[in-house]
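Residue numbers (our numbering), protein chains in the order written: chain A, 309 to 585; chain B, 1020 to 1333.
C-beta: ideal position from N, C-alpha, C; glycine also.
Written below as structure tokens is the structure these notes are about.
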Amino acid sequence: MDSEKITVLQETARQLRVDIVKALHSSQSGHTGGSLSAIDMVTALYFHTMRHNPAEPKWEGRDRFVLCKGHAAPALYVALAHAGYFPKEDLMMLRRLGSHLQGHPDSKGTPGVEVCTGSLGQGLSMANGMALALRLDGSASRVYALLGDGELQEGQVWEAAMAAGHYKLDNLCALVDVNRLQIDGEVAKVMDVEPVTDKFRAFGWNVIDIDGHDMAAIVATLDQAASVKGKPTVIVARTVKGKGVSFFENKASYHGVPPSDEELPKALECLGEQCYL
Amino acid sequence: MSTMIATRDAYGQTLAELGEENKSIVVLDADLSGSTKTSVFAKKFPERFFNMGIAEANMVGTAAGLAAAGKIPFVSTFAIFAVGRAWEQVRQSVAYPKANVKIVATHGGVTVGEDGGSHQSVEDIAIMRAVPNMTVIVPADGPETAKAIRAAAAYNGPVYVRLGRNKVPTVFADDAPFAIGKGSQIVDGTDLTFVTTGLMTAQAKAAADILKAEGISARVVHLATIKPLDCEILLKAARETGAIVTAEEHSIVGGLGGAVAEFLSENCPAPLKRVGVHDRFGLSGKAEELLKYFGLMPADLAEAGREIVRKKRG
Ligand SMILES: Cc1ncc(C[n+]2csc(CCOP(=O)(O)OP(=O)(O)O)c2C)c(N)n1
Ligand SMILES: [Mg+2]
């Protein structure tokens, strides 16, 4: 892929980071760190990889995305708004009473959201179900599922991993946001999940280990995953929690803390954005 | 008595004290120790604290094993995950063998707020109440939480304690008596009885004040223990006031209202109204906004009180 396209995707990701920070500041509640670590992957999916139609969210030929780590809902919402599923102004209503932008993705209200997530560990099973259904229907659509590394501690993830390997779901691609942090601290200290690549390989997956902020690598890997036959692919993406806002980076304490009034202009400055309050 | 304490803070404090007094107490959490406040115990007794990661089912099963080997495990996470994700482990590994496991869940009900419906447990009381051998406790405030946690530790068998996220007004004095299975009449009255649990008890007290100004005398009976039910205090309320309004931060299906309705309809039928969440999921919003949205404010209780008195008087 030419470098110009990568530059465009990187700029999109930057804008989406700005919108994440603004939306979370507006709601004064929500998950900052894991939204920022995941957004480069979400950007690549919605603005390069996936076939989808914002004007027709239920278009049959669409690829499906499941945000298994549902608390990173802001990352999904900014991508959907930017793509045109709903007005960007809605983002400022995040988590408010009456808003369709619930604290965790809710397929009942938000166009473009496929299933309800938020209870960690359940998403990959639903992605498997979609992949099975699409295969039954002879569809060319693919399913993408984004998980957290702490989320891998849930047993259901491994039941789903086993099933995806068993059923050779090559129309499924999982991405794991390995930002090395969860709520109570470092994943390695709370309940170590490594070696993640070996585990998935043992369950019959095609495994690719990348830098989850290297847009060229993300895009190339997603393209490559689509051509792998006979097994599901997992992209194990090494990321930085809070990526893009220096004082949020690598801090478990910013897992579920929104930017304060003082932090907002500084955060936007980190993202190369002027702040007009 | 206008101090405001979150029941989870009282839990963290009490658990750390108990850890000092009883070396058999062990604590398990699932990556939410800062929120459930088991972190206070973890800091003091790191060797008796086990962070199980985001794996609630395994956590509850492990607790059952610890109990089988003589420990007194306290298991904490949000109510939605303790009761939801680990439901069958609670049923098979804890309740069925009558294991001495204490499940203390925080963030119960709609006052979880902005996280939304996926995180607001409005059915946990009903689910836990349906399990044989399970004791179900929903304290009203900080001081009562401290006593409930101590009582749970002293009791031999499975206990589910449901706590909240936010600060709530203190209803009970530090020296108010507490016993599992015993309700407390906190306001006397003759025209109707509010039977309440958790944070709705403070709301009912305020509702009784509203009604008093209108010449309606409302009794308030707080049931910290929903199972086993305090039948005596309920029979007395039904006989003496002849009208019941139940109130809980929970679905009207199967929780406190369900328990009271089941018991009274068989033993002393009286006009009864259940205040709670009307068989629907929660949604994002601020805690206070959601209490209004779901009709759980003192004004809503007062209205239910007026309605039930009219019904009683025909
Ligand atoms: C079943 C379940 N248990 C607990 C939680 C509470 N919770 C929300 S986010 C989180 C930590 C997630 O860590 P990770 O998967 O690494 O996400 P990230 O670092 O990308 O934010 C926890 C424990 C939950 N949402 N679901
Ligand atoms: Mg993580």
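Inter-residue spacing [alpha-carbon to alpha-carbon] between residue i and residue j
i	j	result
A:F486	A:R404	In the sequence as displayed, the identity of residue 486 of chain A is Val instead of Phe. The straight-line gap from Cα to Cα measures roughly 30 Å.
A:L258	A:L344	The displayed coordinates of chain A run from 309 to 585. Any statement about residue 258 of chain A would go beyond what the structure contains.
B:I1156	B:F1300	22 Å
A:A387	B:K1292	46 Å
B:G1038	B:T1022	26 Å
A:K476	A:V451	13 Å
B:V1296	A:G538	48 Å
B:R1258	B:G1314	27 Å
A:L483	A:A381	16 Å
B:R1110	B:V1045	20 Å
A:D522	A:V515	17 Å
B:A1173	B:I1199	10 Å
B:R1332	B:K1255	19 Å
A:L432	A:D531	20 Å
A:D398	A:P566	18 Å
A:D517	A:K313	22 Å
A:S311	A:V548	23 Å
B:P1116	B:R1181	22 Å
A:S535	A:R488	29 Å
A:G580	B:L1310	41 Å
A:Q464	B:L1320	42 Å
B:G1031	B:S1058	7 Å
B:A1227	B:S1236	7 Å
B:F1282	A:Y354	55 Å
B:L1230	B:V1206	12 Å
A:L444	A:V421	22 Å
A:L440	B:T1220	49 Å
A:T357	A:G550	24 Å
Any non-hydrogen atom of ligand 2 within 7 Å of residue i CB
i	result
B:N1070	no
A:Q490	yes
A:K549	yes
B:N1077	no
A:V495	yes
Local Cβ density within 10 Å of residue i, reported as buried at 16 or more and exposed below that
i	result
B:V1094	buried
A:P413	buried
A:Q582	exposed
A:M349	buried
A:R372	buried
A:M470	exposed
A:T418	buried
A:R359	exposed
A:M499	buried
Residue i beta carbon near ligand 1 (any heavy atom closer than 7 Å)
i	result
A:G458	yes
B:G1217	no
A:H563	yes
A:N487	yes
A:R403	no
B:L1051	yes
A:L317	no
A:L428	yes
A:K377	yes
Neighbourhood of residue i by C-beta distance below 7 Å, restricted to the same chain and skipping five residues each side
i	result
A:M401	S407, L409
A:T351	L317, T320, A321, L324, A387
Spatial neighbours of residue i in its chain, beta-carbon cut-off 6 Å, leaving aside the 5 residues before and after
i	result
A:W367	N361
B:I1146	V1102
A:G426	G378, H412
B:N1286	none
B:G1274	I1144, A1145, E1267
B:N1175	N1119
Cβ distance (whole Å) where residue i is taken to contact residue j below 8 Å
i	j	result
B:I1073	B:D1050	5 Å
B:T1212	B:V1240	6 Å
B:T1096	B:T1055	6 Å
B:K1033	B:D1160	For clarity, residue 1033 of chain B is Thr in the given sequence; the question names Lys instead. Their Cβ separation, rounded to whole angstroms, is 13 Å, which puts B:T1033 and B:D1160 out of contact at 8 Å.
B:K1121	B:P1092	7 Å
A:P461	A:V504	The question names Pro, but residue 461 of chain A is Gln in the sequence shown. The Cβ separation is near 11 Å, so there is no contact.
B:L1302	B:G1136	5 Å
B:H1126	B:A1098	6 Å
B:G1202	B:I1252	4 Å
B:A1243	B:T1216	7 Å
heavy atom of ligand 4 below 7 Å from residue i C-beta
i	result
A:G341	As presented, the structure is devoid of ligand 4, carrying ligand 1 and ligand 2 as its sole ligands.
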